[in-house]
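Colleague:
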Amino acid sequence: MLVMLLAVNSWSAPIMNAIDWSIGRIGEGVASAFGPGVLTDLLVDGVIAGAGNVVVFFPQICILFLFIAVLEDSGYMARVAFVMDRVMSKVGLHGKSFIPLFSSFACAVPAIMATRTIENHRDRLTTMLVAPLMSCSARLPIYIILISALFGANVWAEVGILFAMYGLGLVTALVVAMVLKRTLLRGPAPSFILELPPYRMPRIGTALRNMWDRSRLFLTQAGSVILAMSVVLWALAYFPRAAETSADDPGLQLRQSYMGRIGRVLEPIIEPLGFDWKIGVGLTASFAAREVFVATMGVVYGVGDEVDEESVPLRQRIAAATWPDGRKVFTPLVGISLMVFYVLACQCMSTIAVVRRETGGWRWPVFMFTYMTTLAYVASLIVYQGGSALGLG
5 MLVMLLAVNS WSAPIMNAID WSIGRIGEGV ASAFGPGVLT DLLVDGVIAG
55 AGNVVVFFPQ ICILFLFIAV LEDSGYMARV AFVMDRVMSK VGLHGKSFIP
105 LFSSFACAVP AIMATRTIEN HRDRLTTMLV APLMSCSARL PIYIILISAL
155 FGANVWAEVG ILFAMYGLGL VTALVVAMVL KRTLLRGPAP SFILELPPYR
205 MPRIGTALRN MWDRSRLFLT QAGSVILAMS VVLWALAYFP RAAETSADDP
255 GLQLRQSYMG RIGRVLEPII EPLGFDWKIG VGLTASFAAR EVFVATMGVV
305 YGVGDEVDEE SVPLRQRIAA ATWPDGRKVF TPLVGISLMV FYVLACQCMS
355 TIAVVRRETG GWRWPVFMFT YMTTLAYVAS LIVYQGGSAL GLG
């Protein structure tokens, strides 16, 4: 299981980086061929970047399904379901839910597709609805930039906070699963009758065929939804355009765009969580992918979008940001509140698109987004307001 998680999370990185690099070069080629203009920006930043958001997940999905195919063909899958069923059944889940939930620590997209191994519809749906609560790798850049900017170089604070965030996601997933199985997805517990096949060497041809049959559905069906959402998010950040004299200032453009205006509209709603409108812009933009929050903060604070969680200037700008009355925006309490929000919120359009593909409609994706956002808001509100009442703000 650890090797599988390592493969999905780390071994896929070079391939994903190569795909990301290739998408960037294609975008540069199109920009060079068409010249500056709205159509070029739509093609490069909307369509091509949106296609990249689809294709970049493909290596992770292929690796996960290859592992699952090998585990099934070798006879191990039945055994892990049997071993874990005693634990998972205490919260209403099936033993086969273990592998998708475990895989969610890398990425929820392939993990949700891995729920196909669960025969019972209610168990499978419950697993899909709680899998995004596990802290995936996309949340890590947000944790790191906030911890580094607000807690300094204290390694114990970093380790402790990271452990707390991962633990919060895991515990919440189990509690939500238990609640769902006793309410909306209540039903008779399926009898656990399982034939344990003998161990055998997996057939590589069969495993590769199963991997491809399962993985290609992501490109052909979920991909179209992700692409459409990518174009919508691009339009929100692109329009209306800044004045010609300021068009080269990405920070100004983002502030006056529809996305920036959404951030300002959200400010009265998210201010009780300790967030200002700039954080609201980051929350809106990171719906494309959680790690986009870091680049968005770079643009908003004038550092540029070519930043990552290791950017010292961005850490300094975050630490120095203030409200109009001079109060610091990012205090340690606000940082914890924001991390708790990201642990529990469904800030990932790809996850929503895959759940829509797997469930065959928008009912459950909308339910998942709504309950997770509500849960994130309430938890973050309790953290910030409770901490402020105790004088920790």
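At position 170 of the sequence shown the residue is numbered 174 (our numbering), and the sequence of numbers has no breaks.
Note that beta-carbon positions come from the ideal geometry of N, C-alpha and C, so glycine has one too.
Going by DSSP, which residues form a beta bridge with Thr326?
Modeller: DSSP, once it has assigned bridges, lists Lys332 as partnering Thr326.
Colleague: Between which two residues does the alpha helix (DSSP H) carrying Glu313 extend?
Modeller: No alpha helix (DSSP H) contains Glu313, which DSSP labels as neither H nor E.
Colleague: For Thr249, which residues of its own chain have a beta-carbon under 6 Å away from its beta-carbon, when the five flanking residues on both sides are left out?
Modeller: Confidence in Thr249 is poor, its pLDDT being 42 and thus under 50, which makes the residue's placement unreliable; the coordinate value appears in the next sentence. Excluding sequence neighbours, Thr249 sits near nothing in its chain.
Colleague: Is the distance from the Cβ of Met301 to the Cβ of Arg218 below 8 Å?
Modeller: In this structure, Arg218 does not lie closer than 8 Å to Met301 by Cβ.
Colleague: With a threshold of 8 Å, are at least 3 pairs of Cβ atoms found where one atom belongs to the segment 101–110 and the other to the segment 346–361?
Modeller: Counting Cβ pairs under 8 Å, fewer than three are found: no touch.
Colleague: Could you give the DSSP three-state label for Pro40: helix, strand or coil?
Modeller: Coil at Pro40, not helix or strand.
Colleague: Assuming Tyr242 contacts Asp45 (C-beta within less than 8 Å), just tell me the rounded distance between them.
Modeller: Yes, Tyr242 and Asp45 are in contact; Cβ-Cβ is about 6 Å, under 8 Å.
Colleague: For Glu314 and Tyr147, I'd like the C-alpha separation in whole angstroms.
Modeller: Roughly 11 Å between the two C-alpha positions.
Colleague: Taking Val236 as the reference, which of Gly284, Leu9, Gly308 and Phe291 has the closest Cα?
Modeller: Looking at the Cα atoms, Phe291 is the closest of the given residues.
Colleague: Pull up the distance between the alpha-carbon of Val296 and that of Ser228, whole angstroms please.
Modeller: For Val296 and Ser228, the distance between alpha carbons rounds to 20 Å.
Colleague: Cβ atoms of Ile52 and Arg31: under 8 Å apart, would you say?
Modeller: First, the amino acid is wrong: residue 31 is Gly here, not Arg. Yes, they are a contact pair.
Colleague: Give me the Cβ distance between Ile65 and Val113, rounded to the nearest whole Å; I'm assuming they're in contact under 8 Å.
Modeller: Rounded, the Cβ-Cβ distance is 7 Å, consistent with contact.
Colleague: Tell me whether Thr249 sits in a helix, a strand or coil according to DSSP, three-state version.
Modeller: Unreliable placement is indicated for Thr249, whose pLDDT of 42 sits below 50; the coordinate value is still reported in the next sentence. Looking at Thr249 - three-state DSSP - the assignment turns out to be helix.
Colleague: What are the uninterrupted segments assigned as alpha helix (DSSP H) that are 4 or more residues long and contained completely in the segment 35–106, given in chain order?
Modeller: Qualifying alpha helix (DSSP H) stretches, in chain order: 42–45, 53–59, 62–78 and 80–92.
Colleague: Establish whether the CB of Gly50 and some CB of chain C are separated by less than 8 Å.
Modeller: This model lacks chain C altogether, as it is built from one protein chain only.
Colleague: Consult DSSP for Ala349 and reduce its assignment to one of helix, strand or coil.
Modeller: In this structure, Ala349 counts as coil in the three-state DSSP scheme.
Colleague: Could you give the distance in angstroms between the alpha-carbon of Ser152 and the alpha-carbon of Val344?
Modeller: Cα-Cα distance, rounded: 16 Å.
Colleague: Could you pull the start and end residues of the alpha helix (DSSP H) that Tyr203 belongs to?
Modeller: Run containing Tyr203: none; DSSP gives neither H nor E here.
Colleague: Under DSSP, the alpha helix (DSSP H) around Asp127 begins and ends at which residues?
Modeller: It spans His125 to Val134 - the alpha helix (DSSP H) in which Asp127 sits, taken as one unbroken run.
Colleague: Please work out which residues of its chain come closer than 6 Å, Cβ to Cβ, to Leu379, disregarding the five sequence neighbours upstream and downstream, and give them in chain order.
Modeller: Correct list, in chain order: Leu348.
Colleague: Check each candidate in Val59, Val74 and Val175 and name the one with the smallest Cα separation from Met92.
Modeller: The candidate whose alpha carbon is nearest that of Met92 is Val175.
Colleague: By the 10 Å Cβ neighbour count, where 16 or more other Cβ atoms means buried, how is Val7 classified, buried or exposed?
Modeller: Classification for Val7: exposed.
Colleague: How many whole angstroms separate the CB atoms of Ala55 and Leu318, which I take to be in contact at a CB cut-off of 8 Å?
Modeller: Contact flag wrong, Cβ pair sits at about 28 Å.
Colleague: Just the Cα atoms here: how many angstroms apart are Thr131 and Gly365?
Modeller: When rounded, the distance between both Cα atoms is 17 Å.
Colleague: Helix, strand or coil for Ala292, going by three-state DSSP, please let me know.
Modeller: If DSSP states are grouped into helix, strand and coil, Ala292 belongs with coil.
Colleague: Spatial neighbours of Ile27 within its chain, please: CB distance less than 8 Å, with the 5 preceding and 5 following residues excluded, ordered by chain position.
Modeller: Taken in chain order, the residues that qualify are Ile52, Ala53, Ala55, Gly56, Val59 and Val60.
Colleague: Tell me which residues share the same chain as Ile122 and place their Cβ nearer than 7 Å to its Cβ, disregarding the 5 neighbours each side in the sequence.
Modeller: Closer than 7 Å at the Cβ level, and outside the excluded window around Ile122, lie His98, Lys100, Ser101, Arg128 and Thr131.
Colleague: Going by beta carbon distance, what residues of the same chain come within less than 6 Å of Trp238, once the five residues before and after it are set aside?
Modeller: Hits under 6 Å: Asp49 and Gly50.
Colleague: On the DSSP letters alone, give me the boundaries of the alpha helix (DSSP H) that Pro276 sits inside.
Modeller: No alpha helix (DSSP H) holds Pro276; DSSP gives it neither H nor E.
Colleague: Just to confirm the assignment, what range does the alpha helix (DSSP H) spanning Glu162 have?
Modeller: First-last of the alpha helix (DSSP H) with Glu162: Val159 to Arg186.
Colleague: From Arg331, Arg220 and Ala135, pick the residue whose C-alpha is nearest to that of Pro63; which is it?
Modeller: When each option's Cα is compared against that of Pro63, the closest is Arg220.
Colleague: Taking all protein chains shown into account, do 16 or more other C-beta atoms lie within 10 angstroms of the C-beta of Arg143, making it buried, or fewer, making it exposed?
Modeller: By the 10 Å Cβ count, Arg143 comes out buried.
Colleague: Once the 5 residues before and after Gly339 are set aside, which same chain residues still bring their CB inside 8 Å of it?
Modeller: Answer for Gly339: Leu150, Ile151, Ala153, Leu154 and Phe155, listed in chain order.
Colleague: Name the residue from Val387, Thr187 and Val359 whose alpha carbon lies nearest to the alpha carbon of Ala226.
Modeller: Checked all of Val387, Thr187 and Val359; the closest Cα to Ala226 is Val359.
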